[in-house]
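So in the working numbering, the last spot in the sequence shown is 216, and the numbers never skip.
Right, one structure below, let's go through it.
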Amino acid sequence: MEIESAVSTPSNQQENFLDQILNVEKNSWPPELQASREKFKSRLRIFPQGFLTVKINEKIKGVSTSQITTYDPSSQKTWDEITGNGMIKKTHNPSGNALYVVSVGVSADSQGKGIGGMLIQSQIELAEKLGLKYLFLGARIPGYDAYCKHNGDITVEDYLKKKNEKGDIYDPEIRFYDRQGLHVVKIIPDFEPDEQSRNYGIVMLWENHS
Ligand SMILES: CC(C)(COP(=O)(O)OP(=O)(O)OC[C@H]1O[C@@H](n2cnc3c(N)ncnc32)[C@H](O)[C@@H]1OP(=O)(O)O)[C@@H](O)C(=O)NCCC(=O)NCCS
7 MEIESAVSTP SNQQENFLDQ ILNVEKNSWP PELQASREKF KSRLRIFPQG FLTVKINEKI
67 KGVSTSQITT YDPSSQKTWD EITGNGMIKK THNPSGNALY VVSVGVSADS QGKGIGGMLI
127 QSQIELAEKL GLKYLFLGAR IPGYDAYCKH NGDITVEDYL KKKNEKGDIY DPEIRFYDRQ
187 GLHVVKIIPD FEPDEQSRNY GIVMLWENHS
């Protein structure tokens, strides 16, 4: 497995690179949440340093994109608002104090091998390298709707407290980010259209103590 930033992608290879990115996107996200070529192209142009990929045997299997912004604990912004509709054109601000992870996706055939963890750790390293105080993102809670359907409705606050049989956080995605050193700071209703998460987004934060 090797991790790369898109800074080194030659411009004549860009379309081929984007083909591979879209392939990962298709194999990782539910259809309603997949980002278009135009959005990835824009993120690549605006902040290539935060555009990270992981390859296995020369094939891209994981992708994460980010932007620099300012962390505002009182913000109630949706994903579309915070990322300028996923384009980051008007929202990326090099003088901000935080790295915002716009997306993380790993192809279904390569999930559970540590690729997602590697991508988040590299975004954290980038935040450190840039001297930023925070890294944050809006996590999904893809187990929430299914949990309520099986066990009866509970509030999102109660759902976040649920543990699995191993005593770990119940929701797979919150567990994933928690393991990478991020913690839950806020619940945002109507964060993005996402049936599995009943449209909730969970703001998760990492703080730079160095
Ligand atoms: C979430 C995701 C990026 C994790 O990548 P990964 O390479 O599988 O992660 P790692 O191997 O480093 O870590 C495994 C952990 O990821 C989480 N995870 C695995 N598959 C998942 C899935 N389909 N959805 C959410 N979380 C998942 C679990 O916490 C798992 O740990 P466990 O062994 O305790 O169950 C990946 O599963 C994915 O692309 N999911 C779909 C797209 C998505 O929801 N992205 C999140 C952006 S908000």
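For every residue, glycine included, the Cβ atom is placed at its ideal position computed from N, Cα and C.
Secondary structure of Leu50 (DSSP, three-state): helix. Only residues of its own chain outside the window of five on either side were considered, and among them Ile194 have a CB closer than 7 Å to the CB of Gln82, listed in chain order.
Between Thr59 and Gly123, the alpha-carbon positions lie close to 12 Å from each other. For Phe197, the Cβ stays outside the 6 Å cut-off from all heavy atoms of ligand 1. Met210: member of the beta strand (DSSP E) spanning Gly207 to Glu213, first to last residue.
Cα atoms of Gly111 and Leu105: separation of roughly 17 Å, rounded to the nearest angstrom. In this structure Gln129 is in contact with Ser72, their Cβ atoms being roughly 6 Å apart against a cut-off of 8 Å.
Inter-segment contact for the segment 139-146 and the segment 13-33 is absent: fewer than three beta-carbon pairs are separated by less than 8 Å.
Going by DSSP, Leu28 is part of the alpha helix (DSSP H) stretching over Gln20 to Lys32. Your pair Val108 and Arg49 checks out as a contact, with CB atoms roughly 7 Å apart and the cut at 8 Å.
Residues of the same chain with a CB within less than 8 Å of the CB of Arg185, apart from the 5 flanking positions on each side, are Gly123 in chain order. Its chain contains Ile175 and Tyr176 as the residues whose beta carbon lies nearer than 8 Å to that of Lys169, once the 5 sequence neighbours on both sides are disregarded; these appear in chain order. Beta-bridge annotation (DSSP): Thr59 is paired with Glu10 and Val69.
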